[in-house]
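Asker: To convert, note that position 178 of the sequence shown is 159 in the working numbering; the numbers rise steadily by one, no gaps. Where a beta carbon is used, it is the ideal one built from N, C-alpha and C, also for glycine. The structure's right below; bear with me while I get my questions together.
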Amino acid sequence: LLPRSFLDPWDDWLQLAIASSREQLEERWLDCYLTSPIWRVILSPGACSNQAYTGVLMPSMDRVGRYYPLLIAVPLHPAVSLLELLEKGEPWYREAEQIALLGLEDDNLELETFADRVQALGSPTGLTEHQGDPVGGEQRPGWYCALEDINALTGVRTALSDLLLPRSFPQYSLWWSQGSEHIKPGLLISPGLPAVEGFASLLAGDWSHWGWDEKQLHAK
């Protein structure tokens, strides 16, 4: 279902990340892997391929018996607001997680049936589309943003973040989860795919130990 232009770099990264986490966690690895949370993920264009993707990643076992995470992912329209998925994508992510859990728990589920369910899932809907803002280029005074009213700033934060985040991370990925036995709920922001040396934290937490900078976000 997914093109090689996405799967090849994704699998290359994930295999290296799994190998690195095995070395780092040693005898703790299997327990941390099996109890790791389902991660929701957004990949901006350039993070893993030229197109944006979103999906869910959960611990699983592949067809030859290797412990290898299962990914359900779909491409996104180039103009959609990726950050809006954090708020408006909840129904889609819940459904994707249910499909992933079904694939893990139902030993009699045919691969074709599973693929049909993923195909029927489609991409998240109801997202705002916008024109991208080019990074770099000619120096200009700044941005002018028209407002209907001085009090019409509700919802502007997401739109503004859509413009500012690519300037900090031209290619980025977002990962968030409800947490697990070893991990508290949290949001990860990474320039591109996370460094393989930091993947152990997605299984076991210990964020600063594996190189993550811990920040405090205060939603209002």
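Roughly how many whole angstroms lie between the Cα atoms of Y49 and S62?
Answerer: 30 angstroms
Asker: Among the candidates Q(-4), L24, Q32, V37, whose CA atom is the shortest distance from the CA of I170?
Answerer: L24
Asker: Could you check the C-alpha separation between L146 and A101 for me, to the nearest Å?
Answerer: 31 angstroms
Asker: Kindly indicate the opening and closing residues of the beta strand (DSSP E) around P56.
Answerer: Annotation: the continuous beta strand (DSSP E) that includes P56 extends over 51 to 56.
Asker: Within 10 Å of its beta-carbon, does R21 have 16 or more other beta-carbons around it, so buried, or fewer, so exposed?
Answerer: buried
Asker: Which residue or residues does DSSP assign as beta-bridge partners of L20?
Answerer: It is worth fixing the name first, because residue 20 is Trp in this sequence and not Leu. L38, per the DSSP bridge assignment.
Asker: For E47, tell me which candidate among I53, I(-1), C13 has the shortest Cα-Cα distance.
Answerer: Contrary to the premise, residue 47 reads as Arg rather than Glu in this sequence. Checking every option, the nearest Cα to that of R47 belongs to I(-1).
Asker: Identify which residue in L85, E76, G167 has its Cα closest to the Cα of P105.
Answerer: E76
Asker: Y14 bridges to which residues according to DSSP?
Answerer: According to DSSP, which records beta bridges pairwise, Y14 is partnered with nothing at all.
Asker: For W208 and C29, what's the separation of their Cα atoms in angstroms?
Answerer: Only positions -18 to 201 of the chain appear in the structure, and residue 208 is not among them; the question remains open.
Asker: Are the CB atoms of L66 and T109 within a distance shorter than 7 angstroms?
Answerer: no
Asker: According to DSSP, is V61 part of a helix, a strand, or is it coil?
Answerer: Three-state DSSP puts V61 in a strand.
Asker: Determine the closest residue to Q152 out of M42, A33, F95, with distance taken between C-alpha atoms.
Answerer: A33
Asker: Between which residues of its own chain and G118 is the CB-CB distance below 6 angstroms, once the five residues before and five after are set aside?
Answerer: For G118, the predicted model reports a pLDDT of 49, less than 50, meaning its position is unreliable and no value from the coordinates is stated.
Asker: State the start and end residues of the unbroken beta strand (DSSP E) segment that holds S189.
Answerer: Taken as a continuous stretch (DSSP letters only), S189 belongs to no beta strand (DSSP E), as it is neither H nor E.
Asker: Buried or exposed: which applies to L168, given that a residue is buried once 16 or more other Cβ atoms fall within 10 Å of its Cβ?
Answerer: exposed
Asker: Determine the extent of the beta strand (DSSP E) in which I(-1) is found, giving its start and end residues.
Answerer: Where I(-1) is concerned, there is no enclosing beta strand (DSSP E), although the alpha helix (DSSP H) it sits in stretches over -15 to 6.
Asker: Taking 7 angstroms as the threshold (C-beta atoms), are L83 and S142 in contact?
Answerer: no
Asker: Can you give me the start and stop residues for the alpha helix (DSSP H) that L67 sits inside?
Answerer: 66 to 69
Asker: If the criterion is Cβ atoms closer than 7 angstroms, does the pair S1 and V177 meet it?
Answerer: Less than 7 angstroms separates the beta-carbon of S1 from that of V177.
Asker: Would you list the residues sitting across from S171 in a DSSP beta bridge?
Answerer: For S171, which the question treats as bridged, DSSP gives the partners S154.
Asker: Keeping to the same chain, check which residues put their C-beta closer than 6 angstroms to that of G160; ignore five residues upstream and five downstream.
Answerer: P18, P166
Asker: Just checking my contact of A81 with I53 at CB under 8 angstroms: how many whole Å lie between their CB atoms?
Answerer: 5 angstroms
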